[in-house]
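**Student:**
In structure tokens, the structure reads:
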């Protein structure tokens, strides 16, 4: 399963119902569990965002559909980010191209020839 971090901001409508947000979060957690999601944690925040959730989704398509359902309810706007744990990130890094060695000359570049006795 892929892990996502979702940052939520209450809309004016959602702010009116903020006292119900704990109950709503619990209800959403149960509904999502029935369709294969695991909501690991939900936090209420101070600052630029009002809530944050860490979610494991069965697929990208399922996650997209779930977010469309949440946002279409009109209580929040959201920012969704794919999150990678250390094992997943190791697999990602194993697939990246190696960075060129800064000390190695680029392919096709000529090496500087030092002439004895001459100073720059």
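Numbering (this note's numbering), first residue to last: 15 to 134. Backbone N, C-alpha and C define an ideal beta-carbon position, used for all residues, glycine too. Keep in mind it's a predicted model, so treat the numbers as computed, not measured.
#1: Could you name the residues of the same chain whose beta carbon sits closer than 8 Å to that of residue 38, not counting the 5 residues immediately before and after it, in chain order?
#2: Which residue comes first and which comes last in the beta strand (DSSP E) that contains residue 16?
#3: Based on Cα-Cα distance, which residue from 102, 21, 51 lies nearest to residue 59?
#4: Should the segment 67-86 be regarded as contacting the segment 32-52, the criterion being three or more beta carbon pairs within less than 8 Å?
#5: With distances taken from CA atoms, which of 44, 24, 54, 82 is nearest residue 61?
#6: In this structure, what does DSSP give as the bridge partners for residue 57?
#7: Quick check on residue 97: does DSSP put it in helix, strand or coil?
**Tutor:** Straight from the coordinates:
#1: If the five residues before and after residue 38 are omitted, its C-beta is found closer than 8 Å to the C-beta atoms of 31, 89, all from its own chain and listed in chain order.
#2: If you look at residue 16, you'll find it in the beta strand (DSSP E) that goes 16-24.
#3: Ranking 102, 21, 51 by Cα distance to residue 59 puts 21 first.
#4: These segments touch.
#5: Out of 44, 24, 54, 82, 24 has the C-alpha closest to the C-alpha of residue 61.
#6: Under DSSP, the beta-bridge partners assigned to residue 57 are 66.
#7: DSSP places residue 97 in the strand class (E or B) of the three-state scheme.
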